[in-house]
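Peer 1:
Protein chains: 2
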Amino acid sequence: MDKPNSQEQFDTETRILRAARQVFFKQGMAGARMQDIADQAGVNKALLHYYFRSKDKLFQTIFTQAFQTMLESFKAIIASPMSITEKLESFIHVYISNMRLNPYLPLFIITEINKRPEVFPRQLVPEHQQVDLKKLFAQIQKEIAEGRIAPFQPMHLIMNVLGMSIFSFIAKPMMIHMLGVNEKQYEHFLNEREAQIIAFVRSALKTS
Amino acid sequence: MDKPNSQEQFDTETRILRAARQVFFKQGMAGARMQDIADQAGVNKALLHYYFRSKDKLFQTIFTQAFQTMLESFKAIIASPMSITEKLESFIHVYISNMRLNPYLPLFIITEINKRPEVFPRQLVPEHQQVDLKKLFAQIQKEIAEGRIAPFQPMHLIMNVLGMSIFSFIAKPMMIHMLGVNEKQYEHFLNEREAQIIAFVRSALKTS
DNA sequence: ATATAGTTTAACCATCTGGTTAATTGATGC
DNA sequence: GCATCAATTAACCAGATGGTTAAACTATAT
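Here you go:
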């Protein structure tokens, strides 16, 4: 009948990667089946091994790329010449936009690292391109000292912003069941989310 | 050599349940192995089926109980006769305490609902014991109208508090790699977490 | 045309895994 | 002692799953 996926325009390797991303993101390493990925990509299962040797190798390719993606937006914002307030609001905007396109990404990363913490050593994030927290922390403390924002510990401030932004997406299924709302109501809620978080952070950081 | 687990004092069914919780929480439904659970409980694998019929049944037992646990603390706080500020701070305190004891619980619930959203219908949360949001929302709006707290939409306010509290625990492995800190530093950070979130929320809710 | 190299497929294999079963052990009442 | 019933175990089974392989197909160059 209908094709499992309309991606004939891409070459085989790309189609496998796209299919693998879909399946791994949704099912995780343990739950993903090579046959499912092959079906989704519309190719023979043996081709997965031809291009990527093993399930583990294919998974690592997907995972590493996903993790890098996550890191990149983070680092880009930190490096930019903005005020703290602007950076925080940029975080909120960027992460919420990204998650609208790719809601599974953060949860995927979190669960997979959680299951095999020993498998993801420093090697995954080479020393030279690690997030430079020191500069960001210094900037926050400077603005606090200048009285431009209320005093909060830098790491907690960042975690607050990330938590409010990311959690509302990854916990969507749980919250829908916990709060007893339906999909549509929750989507409406997510649409307001960015503005609401920004307002909340502004209020918290206001100097009295 | 040594026993896989020192729980000889419990009866077989309890030992299986405790072992299943450990394995399911960490590995998820797809990643968990019946043999692992049996080993962890120190019993023969056939006993798992003798007591719980199938992996699915055993999983459902664990999952339902975990989900109820999560709901109970939520509902208890909502029902209590506290002000909004007190309730929010109670949320923060209760969830952070619970997660110190059981860090895998929220992530477990989130990922499993995510993987099979169709399997968890309303039946899991019987109508009569669903979280009563209406009263809570009304209380929030009342306190806003009385000028006791700054105006934020109730559901966003709650999500903010839950996000800041829960996310810092479930994202621990990701944040450790993202921020390039070590386990010990992160544990120290988590110890300060409750006080920091409370301070942040208070500041945000202050009426100017 | 044909040789060559890369690509794709069907069939197959070994292992893992959830689940079953028949036999054994243990306790309890008579 | 022995009958009865629940609890426990070792051995086994069928299907699923990651992975392999030899053959077939395709395109490109000569």
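For the record, the sequence lines run as chains A and B.
Start counting the first sequence at 1; every next residue gets the next number (the numbering used here).
Start counting the second sequence at 1001; every next residue gets the next number (the numbering used here).
Yeah, the Cβ is synthetic: ideal placement off N, Cα and C, and Gly gets one too.
#1: So is Ser1097/B in contact with chain A if we call contact Cβ pairs under 7 Å?
#2: Would you please verify whether the beta carbon of Met34/A is less than 7 Å from any beta carbon of chain B?
#3: In angstroms, rounded to a whole number, what distance separates the CA positions of Phe67/A and Tyr95/A?
#4: Okay, do the stretch 20-40 of chain A and the stretch 50-64 of chain A touch, 3+ Cβ pairs below 8 Å being the bar?
#5: For a contact meaning CB atoms closer than 7 Å, what does Glu187/A contact in chain B?
#6: Among the residues of its own chain, which have a CB less than 8 Å from the CB of Ile1176/B, if the five just before and after it don't count?
#7: Going by CA-CA distance only, name the one from Thr1111/B, Glu1089/B, Phe1091/B that's closest to Ala30/A.
#8: Apart from the five residues just before and just after Val43/A, which ones in its own chain have a Cβ nearer than 7 Å to its Cβ?
#9: With DSSP run on the structure shown, which of helix, strand or coil describes Val1181/B?
#10: In terms of alpha-carbon separation, which member of Pro106/A, Gln141/A, Val131/A lies closest to Gln153/A?
#11: Quick check on Tyr1186/B: does DSSP put it in helix, strand or coil?
#12: Please confirm if Tyr1156/B has its CB atom under 7 Å from at least one CB of chain A.
#13: Identify whether Glu194/A lies in helix, strand or coil by the three-state DSSP scheme.
#14: Can you give me the Cβ contacts of Lys87/A inside the same chain, cut-off strictly under 6 Å, excluding the 5 residues immediately before and after it?
#15: My output table needs one value for Met1/A: the three-state DSSP class, helix, strand or coil.
#16: State the CB to CB distance for the pair Phe1091/B and Leu1162/B, rounded to an integer number of angstroms; the pair is presumed to be in contact (CB under 8 Å).
#17: Go ahead and pull the three-state DSSP assignment for Asn102/A.
#18: Beta carbon of Phe1200/B, beta carbon of Ala204/A: below 7 Å?
#19: Can you tell me whether Asn1044/B is helix, strand or coil according to DSSP?
#20: So, with DSSP's three-state summary, where would you put Ser73/A?
#21: Which of the three DSSP states, helix, strand or coil, is assigned to Met1210/B?
#22: From Glu192/A to Leu101/A, what distance separates their C-alpha atoms?
Peer 2: The structure says:
#1: no
#2: no
#3: 14 Å
#4: yes
#5: Under the 7 Å cutoff, chain B gives no residues; its nearest Cβ is about 13 Å from Glu187/A.
#6: Asn1182, Glu1183, Tyr1186
#7: Thr1111/B
#8: Thr12, Arg15, Ile16
#9: coil
#10: Gln141/A
#11: helix
#12: Reading off the sequence shown, one finds His at residue 1156/B, where the question assumed Tyr. So, interface residue.
#13: helix
#14: Ile77
#15: Low confidence applies here, because Met1/A scores a pLDDT of 33, under 50, leaving its location unreliable; read the following figure in that light. Met1/A falls in the coil class under three-state DSSP.
#16: 7 Å
#17: coil
#18: yes
#19: coil
#20: helix
#21: Residue 1210/B lies beyond the residue range present for chain B, which begins at 1001 and ends at 1208; the question has no answer from this structure.
#22: 16 Å
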